[in-house]
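Protein chains: 2
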Amino acid sequence: MRVLVPFDSRTPKTRLSPVLDDDERHAFARVMLADVLAVLQRAGHDPLVVATGPVDCSTPSVVDERPLTTAVNARLDETPSAVVMADLAMVTTDAIDRLLSADGEVVVAPGIGGGTNALVVRHPQFSVDYHGTSLRDHWERARTVGASVTTVDSFRLSLDVDDPQDLVEVLLHGDGDAAVWLREAGFRLAENDGRTVTMRSGDSS
Amino acid sequence: MRVLVPFDSRTPKTRLSPVLDDDERHAFARVMLADVLAVLQRAGHDPLVVATGPVDCSTPSVVDERPLTTAVNARLDETPSAVVMADLAMVTTDAIDRLLSADGEVVVAPGIGGGTNALVVRHPQFSVDYHGTSLRDHWERARTVGASVTTVDSFRLSLDVDDPQDLVEVLLHGDGDAAVWLREAGFRLAENDGRTVTMRSGDSS
Chain Y
208 MRVLVPFDSR TPKTRLSPVL DDDERHAFAR VMLADVLAVL QRAGHDPLVV
258 ATGPVDCSTP SVVDERPLTT AVNARLDETP SAVVMADLAM VTTDAIDRLL
308 SADGEVVVAP GIGGGTNALV VRHPQFSVDY HGTSLRDHWE RARTVGASVT
358 TVDSFRLSLD VDDPQDLVEV LLHGDGDAAV WLREAGFRLA ENDGRTVTMR
408 SGDSS
Chain V
208 MRVLVPFDSR TPKTRLSPVL DDDERHAFAR VMLADVLAVL QRAGHDPLVV
258 ATGPVDCSTP SVVDERPLTT AVNARLDETP SAVVMADLAM VTTDAIDRLL
308 SADGEVVVAP GIGGGTNALV VRHPQFSVDY HGTSLRDHWE RARTVGASVT
358 TVDSFRLSLD VDDPQDLVEV LLHGDGDAAV WLREAGFRLA ENDGRTVTMR
408 SGDSS
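As structure tokens, then:
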């Protein structure tokens, strides 16, 4: 199946700025993208990167400077299509298989906090809206156009990497280069007040 | 299968104190427990509540005042046994079916942040350790005793309700009385700086 992978190549992962500088955020975002593309290809699918600027990768890509919602909707005319976020650093071929083989005119994989981390669209009238609590908007949109909805219950698809705390999950569960990148950058797991956190070599905290 | 459901009836859900007072935390924890027990029973299993104090419920229960790890290990001699946390307010029969039908001498359902939200134990030498990053400890313990490990990839099993931000997931995904309880207590979803949060009637924030 054709799988759109939106990627912000300009200002990626700004919420990681407390722990990664600008160059590091670009590099880490690029490594997560490569992990996601590799998993999609191993699962037998054809990713198309939809980026806000040029991306140097061997996977087909297009540049679309418009907002995420507009850029994705412009490419949903081909059905079925899927949309998988570029920061699902814990994704596996099993999780992708479950997503893409699930029945339903619209298949959604919820993210923590009401996001929509992955979607399959098999209904011509469905469109995305990534602003706000997108999961609710997508359920509502599917109802409006009369599309059946299936929700995929996957921990790995629910984990997008936005905040420093999300790096815990990458170190615990990531099988790809993003976890390697973090370890080489000095990140490791630690415990603080009964919670698992990340620390970086040199951190005095 | 016999399913142990540990429950802190004394000081439940202390991390929810910024949004729920003491009586409310007791009531909400009790409603989540009832939801989990109902799902386990609908899925055809026999829950046993292992509580730190008396619990008024129709499900069989025992009081064990010892720490969680000790109280659970004292009851793992019967194999297979399962352990399901009492605060999995988004759990469904489908998720329980996937957990309890998964192969493996030890089956784990990871929680966000390195916890172990649910376990199936089919190996006589395996024991739990809920202190710290329990998921890693459980992987390690299984390796040590030579038990095969399976990880269940479930968003619904990964969501335990500890912090105020977790209430977002209950309102979005909960099918049980916990979601009803929150709505009746005045909680609703809102957006703040691009993130989905909960607000409570009367909140001025």
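Order-wise, the sequence lines are chains Y and V. Numbered per the working numbering, the first sequence spans residues 208 to 412. Numbered per the working numbering, the second sequence spans residues 208 to 412. In this text, a Cβ means the ideal position worked out from N, Cα and C, and glycines have one as well. Values in this document were obtained by computation on a predicted structure and should not be read as measured data.
Start and end residues, beta strand (DSSP E) containing residue i
i        : result
Y:Glu285 : Per DSSP, Y:Glu285 belongs to no beta strand (DSSP E) and is neither H nor E.
Y:Gly405 : Position check: residue 405 of chain Y holds Thr in this sequence, whereas Gly was assumed. Segment Arg402 to Arg407, the beta strand (DSSP E) holding Y:Thr405.
Y:Ala392 : Element bounds for Y:Ala392: n/a, residue is neither H nor E.
Residue i to residue j span [Cα, whole Å]
i        : j        : result
Y:Ser412 : Y:Ser365 : Per-residue confidence for Y:Ser412 stands at a pLDDT of 46, beneath the threshold of 50, marking its modelled position as unreliable; no derived number is given.
V:Gln332 : V:Val352 : 6 Å
V:Thr405 : Y:Leu255 : 36 Å
V:Leu223 : V:Asp215 : 14 Å
Y:Asp294 : V:Asp284 : 42 Å
Y:Asp310 : Y:Ile303 : 13 Å
Y:Asp369 : Y:Ser341 : 16 Å
V:Arg395 : V:His330 : 44 Å
Y:Asn399 : Y:Leu374 : 15 Å
Y:Val238 : Y:Trp388 : 8 Å
Y:Ala386 : Y:Arg402 : 20 Å
V:Ala250 : V:Asp242 : 12 Å
Y:Asp301 : V:Asp228 : 42 Å
Y:Arg390 : Y:Ala397 : 13 Å
V:Gln248 : V:Ala316 : 19 Å
Y:Asp263 : Y:Val291 : 19 Å
Y:Pro274 : V:Ala349 : 47 Å
Y:Leu240 : Y:Glu312 : 26 Å
V:Ser334 : V:Ser361 : 23 Å
V:Asn324 : V:Leu211 : 12 Å
V:Leu244 : V:Gly383 : 11 Å
Y:Thr299 : Y:Trp346 : 25 Å
V:Ala234 : Y:Asn280 : 45 Å
V:Thr266 : V:Asp230 : 22 Å
Y:His338 : Y:Arg232 : 22 Å
Below-8 Å beta-carbon distance, residue i vs any chain V residue
i        : result
Y:Glu398 : yes
Y:Gly383 : no
Y:Leu342 : yes
Y:Ala302 : yes
Y:Ser412 : Unreliable positioning characterises Y:Ser412 in this predicted model, as indicated by a pLDDT of 46, which lies under 50. The coordinate reading is nonetheless provided below. Answer no: the Cβ-Cβ gap between Y:Ser412 and chain V never drops below 8 Å.
Y:Gly251 : no
Y:Glu260 : Here residue 260 of chain Y turns out to be Gly, not Glu, going by the sequence shown. No, Y:Gly260 lies away from the interface with chain V (no Cβ there is under 8 Å from its Cβ).
Y:Gly353 : no
Y:Gly321 : yes
Interface flag, residue i vs chain Y, CB-CB below 8 Å
i        : result
V:Val270 : no
V:Val356 : no
V:Thr405 : no
V:Gly339 : yes
V:Ala309 : no
V:Ser216 : no
V:Arg402 : yes
V:Val375 : yes
V:Leu379 : yes
V:Pro219 : no
V:Ser365 : yes
V:Pro225 : no
V:Phe362 : yes
V:Pro317 : yes
Beta-carbon proximity list for residue i, same chain, < 6 Å, skipping 5 on both sides
i        : result
V:Val226 : Pro371
V:Ala236 : Pro219 and Lys220
Y:Ala258 : Phe214, Ser216, Ser268 and Val270
Residues near residue i in its chain [Cβ-Cβ closer than 8 Å; skip 5 each side]
i        : result
V:Met208 : His252, Asp253, Pro287, Ser288, Ala289, Leu307 and Val327
Y:Ile319 : Ser365, Leu366 and Asp367
V:Arg282 : Leu211, Leu255, Val257 and Ser288
Other residues of its chain near residue i: CB distance less than 7 Å, five sequence neighbours each side excluded
i        : result
Y:Met297 : Arg363, Leu366, Glu376, Val377, His380 and Gly381
V:Gly393 : Arg407, Ser408 and Gly409
V:Asp344 : Asp336
Y:Glu413 : With chain Y covering 208 to 412 only, the question about residue 413 of chain Y has no answer from this structure.
V:Val356 : Gly311, Val313, Val315, Trp346 and Ala349
V:Thr276 : Val335, Asp336, Tyr337 and His338
V:Val246 : Val298, Thr299, Thr300 and Ile303
Y:Gly322 : Ser341, Leu342 and Asp367
Opening and closing residue of the alpha helix (DSSP H) in which residue i lies
i        : result
V:Leu306 : Thr300 to Ser308
Exercise for the section: Only counting runs of 3 or more residues, tell me where the beta strand (DSSP E) segments fall wholly within the segment 310-338 of chain V, in order along the chain. Expected result: Complete beta strand (DSSP E) runs here, min 3: 313-317 and 323-328.
Exercise for the section: Any chance you could list the beta strand (DSSP E) runs of at least 3 consecutive residues sitting entirely within the segment 332-385 of chain Y, in chain order? Expected result: 356-358
Practice task
Write down every uninterrupted run of the alpha helix (DSSP H) in the segment 208-275 of chain V whose length is 4 residues or greater and which is fully enclosed by it, in chain order.
Solution key: 229-249
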